[in-house]
Every structure is written in structure tokens, then in C-alpha cells.
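J.: Can you read through this structure? Questions will come right after.
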Amino acid sequence: MDDTEELLSIGAFARRVGLAPSALRFYDDCGVLRPARVDATTGYRHYAAGQRGRAVRLRRLREAGLALVDVAVVLDGPGDAARGVLRGHLGRTRRSASAAQTVLEGFLRDVVGETECGRVRARARIGGAELASAVRQVAPAVAAGAARAEFPVLGCVLLELVDGEVRLVATDRYRLAVRVLRSADFEGGPRRALIDA
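Read in order, the letters of the sequence shown are residues 1 to 197 in the UniProt record's numbering.
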């Protein structure tokens, strides 16, 4: 470190690099990002402006899900080892993302009724004014305040498409409001959705 280089307190450096001061202390303890100077009397850590690049790379690698031991290899290891770690993590991340996508698409098909193209498999045609009136009639029964905070589902209106009907249901555990609309143009199986009110 150059003696003329400006030193930043841990808080100022943390703000510049997008890390919490506690993370900087942890990275110091692990030996991945040592401060430029530690005050012998107070123990305060000070960082040089030139350490910003390393700190940002460290943060970004951690955000990408790399383990700290792998981050150290990428930052300090030989190029071949760093490439191996990055390629390995990229492969694992792609496999994990693909598996998660498959699971979520399955839930969308089963729970929400979406096909692979994103289209809904159940459909009902209701007039806009009629639907708006039904929503206005059930909305007062939606929970608010503490009940909604404790049970977020009570802050929603349940919309069901079943047997040629569109049902709107809302409750705050004390009141129950139900409105049933008939649809002349209905197709597909039964479906349910919660709509945040």
C-alpha cells in the first residue's frame, strides 16, 4: 500500500462496494479481504480505495452463489483453477435453474391451469360490468390490518371457475361474501386463483 493512498473507514468502504460492515469483518476473519490497515489501539479496520475492485468482485461472486472457498480460488488461485471453479459452478447453476423451472412449470399447470405456452386451460366469458359489480360486492369481506398480516390469504379474493360458473369468494374470518356468475361461454376444467385485493 502506498503511504499517500487515502484510507476509508469500514463503513465508508462498505457503502462504496455494496457490502455490509459485518460482511467485511467476516471476509477479514476468513482472509479473503484483509483491510489495508488495522488500528492497533482501537481495532478499527481501514481500507484503501484500491481494494474496491477486489471487494466488488467478491460481492458479485457471492451473489452468484459461489462458496467462499471457491471465491478465494477465483480471486487468488491460478487461472486454470479459477476457470475450473467458475465452469463447475455455472454447470451446477444451470442444472439447478432447469430443475426449478421444471417444478414451477408443473405447479403452474396443476395449480393455476397454465399450459406450456402460458395459456390458461379454463376459460369463462363474463361481462366487464357484471364482473366489476361482483368484485365490489365481495371486496368488503376481504381481511385488512392485523388479520391480513397474520393470514395473507385472507387479503385475497378466491376466483373459481367450475361447472359453467365463476365464483368470487372473500372472507375476513367473520364475514363471508360469495358471488356466483353464470357464463354462457365456458370451457376447460375447474380452476382456482387467489387475487390480491
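Ideal Cβ placement from N, Cα and C applies to all residues, glycine included.
#1: Quick one: what's got a C-beta closer than 7 Å to Y27's C-beta in the same chain, skipping five residues either side?
#2: Between the beta-carbon of A197 and the beta-carbon of V157, is there less than 7 Å?
#3: Are the segment 82-98 and the segment 44-60 touching, with three or more C-beta to C-beta distances below 8 Å?
#4: Using the Cβ count rule (16 or more neighbours within 10 Å means buried), how would you classify P152?
#5: With C-beta atoms as the reference, is L24 less than 7 Å away from A14?
#6: Could you check where the alpha helix (DSSP H) with V69 kicks off and where it finishes?
#7: Per DSSP, C30 is paired with what?
#8: Where do the N-terminal and C-terminal ends of the beta strand (DSSP E) with R192 fall, by residue?
#9: Assign V85 to one of three DSSP states: helix, strand, or coil.
#10: Considering only their Cβ atoms, is the gap separating A143 from L159 smaller than 7 Å?
#11: Just confirm the distance between the C-beta atoms of A64 and L19, as a whole number of angstroms; I'd bet it's less than 8 Å.
#12: How big is the Cα-Cα spacing for D39 and E6?
#13: Do A141 and L168 count as a contact pair if the criterion is CB distance below 7 Å?
#14: Starting from V169, trace the beta strand (DSSP E) in both directions and tell me its first and last residue.
T.: The relevant details are as follows:
#1: On the sequence shown, residue 27 is found 27 positions in, with the first residue counted as 1. Beyond the five residues adjoining it in sequence on each side, Y27 comes within less than 7 Å, by CB distance, of L33 and L58 in the same chain, given in chain order.
#2: Here residue 197 corresponds to residue number 197 of the sequence shown, with the count starting at 1. Here residue 157 corresponds to residue number 157 of the sequence shown, with the count starting at 1. Between A197 and V157, the gap from beta carbon to beta carbon is short of 7 Å.
#3: Touching, no.
#4: Locating residue 152 in the sequence shown gives position 152, counting from the first residue. By the Cβ neighbour-count rule, P152 is exposed, with fewer than 16 other Cβ atoms within 10 Å of its own.
#5: Taking the sequence shown and counting its residues from 1, the one referred to as residue 24 is at position 24. Taking the sequence shown and counting its residues from 1, the one referred to as residue 14 is at position 14. Yes.
#6: Locating residue 69 in the sequence shown gives position 69, where the first residue counts as 1. Counting along the chain, V69 sits inside the alpha helix (DSSP H) bounded by residues L68 to D76.
#7: To locate residue 30, count along the sequence shown from 1; it is residue 30. Note: C30 is not bridge-paired with any residue in the DSSP secondary-structure output.
#8: Here residue 192 refers to the residue found at position 192 when the sequence shown is read from its first residue. Segment R191 to D196, the beta strand (DSSP E) holding R192.
#9: Taking the first residue of the sequence shown as 1, we reach residue 85 at position 85. Here DSSP, grouped into helix, strand and coil, assigns V85 to helix.
#10: Counting from 1 along the sequence shown, the entry for residue 159 is found at position 159. Counting from 1 along the sequence shown, the entry for residue 143 is found at position 143. Contact flag unset, no.
#11: Taking the sequence shown and counting its residues from 1, one reaches residue 64 at position 64. Taking the sequence shown and counting its residues from 1, one reaches residue 19 at position 19. Rounded to whole angstroms, the Cβ separation of A64 and L19 is 15 Å, and the two are not in contact under 8 Å.
#12: To locate residue 39, count along the sequence shown from 1; it is residue 39. To locate residue 6, count along the sequence shown from 1; it is residue 6. If you draw a straight line from the Cα of D39 to the Cα of E6, it is about 15 Å long.
#13: In the sequence shown, the residue the question calls residue 168 occupies position 168. In the sequence shown, the residue the question calls residue 141 occupies position 141. Contact flag unset, no.
#14: Counted from its first residue, the sequence shown places residue 169 at position 169. In the DSSP assignment, V169 falls within the unbroken beta strand (DSSP E) covering E165 to T171.
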